Every structure is written in structure tokens, then in C-alpha cells.
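K.L.:
Encoded as C-alpha cells, here's the structure I'll be asking about.
Protein chains in written order, with the numbering used here: chain A, 1 to 111; chain B, 112 to 224.
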């Protein structure tokens, strides 16, 4: 079935470091891909999305490119801040607007 | 714009007791979702409503879980009787009909002792 696999955390980085969180997917159709973020004590928020191959989603300095050939949607940021500390979920959407989430990656940024 | 509202934020019950969660979606959102998020895992869809009709409840444990959205606006999710393994965060989300982007509430954290 359709699924999402993302790198396990926690990931701990120093402020201003480069971030990559890997995400790969399995889908029978042509899914849309998402990154959601969950800040401490808050609900999930959509961070960015891409709806077709080679699309790049971006928001708040984060980027991810829909790579159909490698079935990947890796999240990157050039210079992380303490305020980026959160749990990041990679997800895909197939028919009927259902979203399938990965297990999440906890990110800690040290000042 | 007001977001998705959920209550209560926290609930502690003993096993075999019943519990209910409430969700008020964003105004105008026809689609409403309930998810279960167990610690260390991603959210898992329990049930999806379109207005007051059920679109998908294939992952809802119907022997103990029930949900309704009688007037097509707010919704309640009930567990009766609760089991230890029901300890999780219950998330409500909503979206416009046919729209992929879902908006999530803050969740209700349930602990079953």
C-alpha cells in the first residue's frame, strides 16, 4: 500500500547549520507530497507541498523537491534557527484527499 | 480567521470508562477528519466526514469508537469503553471539499490508566 518513510530522529544541530531530513514514499498513483510541522504544544501545520514531479515547495526558508525518479521529497534548510525546533512529518495524499503520514522526525536546534 | 477548535485539551480516564472529544472545524470547511496519533508515530486517519456523511471509517475500531457530525459542522468522537492502548493524541482537521490541504486543531491528549 501507499506509505511514507522518513529518517528517524532526533536530529540535533547547532544554529545556522544546514538541515536535511530524508523522506521517501511508495504510492500506486501520482500523489501530492507534503511536509507538516508540529511545534511544541501546537497542532500540525502545513509547511510546504508539491503536487507533481519536479515541483519545489518552499516556505520559511525550507525547501523540498518532488523527485519522481527517486520517489523522494527531502526537506532542506540552509541555516536553521532555534525556533525551528519541532517535529516534522512527511506525508502524501492520494485519492479522496486522504493523507498518509510518516512517523515524524524530531529536530532540536542548539543555540 | 479562527482555526480548528478542539476540547478538552487533556483527559485522563481509567480503562473501561468512556470519553468524548469535540471538534469545531474552520467555518465553511465541508470535510472533517479525526486522526489518532500514538506517541512516536504519525497521525492515523480514523474517520473522514463530508458534511454530515461518512466518507471513510475503515480504520475506526467500531466496537468501541463512534463519531458523528449531525449538522455538518462540529463533530464528536467517543470511545466506550476505553483501553490502555487508546492513550494517544486525537487530532481533528478540516478542509474545503476537494482541497488537499488540511488544517489541524491542537489535539486532545488522552491518557488511559
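Glycine is no exception: its CB is placed at the ideal position from the N, C-alpha and C atoms.
Treat the numbers as computed from the prediction; the structure is a model and nothing was measured.
Run down chain A in chain order and give the residues with a C-beta less than 7 Å from the C-beta of residue 142(B).
P.N.:
Neighbours of residue 142(B) on chain A, chain order: 97.
K.L.:
Of the residues 73(A), 79(A) and 109(A), which one's Cα is nearest the Cα of residue 5(A)?
P.N.:
Comparing Cα-Cα distances from residue 5(A) to each of 73(A), 79(A) and 109(A), the minimum goes to 73(A).
K.L.:
Would residue 215(B) pass as an interface residue toward chain A - the criterion being a Cβ-Cβ separation below 7 Å?
P.N.:
Cβ-Cβ to chain A under 7 Å: yes for residue 215(B).
K.L.:
Given a threshold of 16 other Cβ atoms within 10 Å of its Cβ, counted over all protein chains shown, does residue 96(B) qualify as buried or as exposed?
P.N.:
Examination of residue 96(B) is not possible in this model, given that chain B is present from 112 through 224 alone.
K.L.:
Can you tell which of 44(A), 66(A) and 85(A) has the C-alpha that lies nearest to the C-alpha of residue 31(A)?
P.N.:
Ranking 44(A), 66(A) and 85(A) by Cα distance to residue 31(A) puts 66(A) first.
K.L.:
Taking a Cβ distance cut-off of 8 Å, strictly less, list which residues of the stretch 150-181 of chain B are near chain A, in chain order.
P.N.:
Going along the stretch 150-181 of chain B in chain order, one finds 151, 152, 153, 154, 155, 156, 159, 166 and 167 with a Cβ nearer than 8 Å to chain A.
K.L.:
According to DSSP, is residue 150(B) part of a helix, a strand, or is it coil?
P.N.:
In the structure shown, residue 150(B) sits in coil (DSSP, three-state: anything other than H, G, I, E or B).
K.L.:
Anything in chain D within Cβ reach of residue 42(A), meaning under 8 Å, just list it in chain order.
P.N.:
Looking for chain D here will not work: the only protein chains present are A and B.
K.L.:
Reducing DSSP to helix, strand and coil, say where residue 169(B) ends up.
P.N.:
Reduced to three states, the DSSP call for residue 169(B) is coil.
K.L.:
Starting from residue 140(B), trace the beta strand (DSSP E) in both directions and tell me its first and last residue.
P.N.:
Element bounds for residue 140(B): n/a, residue is neither H nor E.
K.L.:
For residue 82(A) and residue 144(B), I'd like the C-alpha separation in whole angstroms.
P.N.:
Taking the straight line from one Cα to the other gives about 32 Å.
K.L.:
Sorted by chain position, which residues of the same chain lie with C-beta nearer than 7 Å to residue 197(B)'s C-beta, five sequence neighbours on each side aside?
P.N.:
So the list reads 190, 221 and 223, once near-sequence residues are dropped.
K.L.:
For residue 129(B), which residues of its own chain have a beta-carbon under 6 Å away from its beta-carbon, when the five flanking residues on both sides are left out?
P.N.:
Answer for residue 129(B): 191, listed in chain order.
K.L.:
Looking at chain A, which residues of the stretch 119-135 of chain B have a Cβ within less than 8 Å of any of its Cβ atoms?
P.N.:
Flagged: no residues at all.
K.L.:
Check whether chain A comes within 7 Å of residue 211(B), counting only Cβ atoms and requiring the distance to be less than that.
P.N.:
Chain A, which has a Cβ nearer than 7 Å to the Cβ of residue 211(B), makes this yes.
K.L.:
Should the stretch 55-70 of chain A be regarded as contacting the stretch 99-109 of chain A, the criterion being three or more beta carbon pairs within less than 8 Å?
P.N.:
No: the two stretches stay apart, fewer than three of their Cβ pairs being nearer than 8 Å.
K.L.:
Roughly how many angstroms separate the alpha carbons of residue 16(A) and residue 78(A), rounded to a whole number?
P.N.:
Rounded to whole angstroms, residue 16(A) to residue 78(A) spans 8 Å at the Cα level.
K.L.:
Considering only the beta carbon of each residue, do residue 50(A) and residue 75(A) sit closer than 7 Å?
P.N.:
No, Cβ-Cβ distance for residue 50(A) and residue 75(A) is not below 7 Å.
K.L.:
Got a sec: is the Cβ-Cβ distance from residue 107(A) to anything in chain B below 7 Å?
P.N.:
Answer no: the Cβ-Cβ gap between residue 107(A) and chain B never drops below 7 Å.
K.L.:
Please report how far the alpha carbon of residue 205(B) lies from the alpha carbon of residue 110(A), in whole angstroms.
P.N.:
Taking the straight line joining both Cα atoms gives about 34 Å.
K.L.:
Among the residues of its own chain, which have a CB less than 7 Å from the CB of residue 46(A), if the five just before and after it don't count?
P.N.:
Around residue 46(A): 34 and 36.
K.L.:
Any chance you could list the beta strand (DSSP E) runs of at least 3 consecutive residues sitting entirely within the stretch 43-75 of chain A, in chain order?
P.N.:
Counting only runs of 3 or more, we get 44-50, 56-59 and 62-65.
K.L.:
So, helix, strand or coil for residue 16(A), using DSSP?
P.N.:
Of the three classes helix, strand and coil, the one that applies to residue 16(A) here is coil, per DSSP.
K.L.:
DSSP has residue 122(B) in a bridge; who is on the other side?
P.N.:
Looking at the DSSP assignment, residue 122(B) forms a beta bridge with 221(B).
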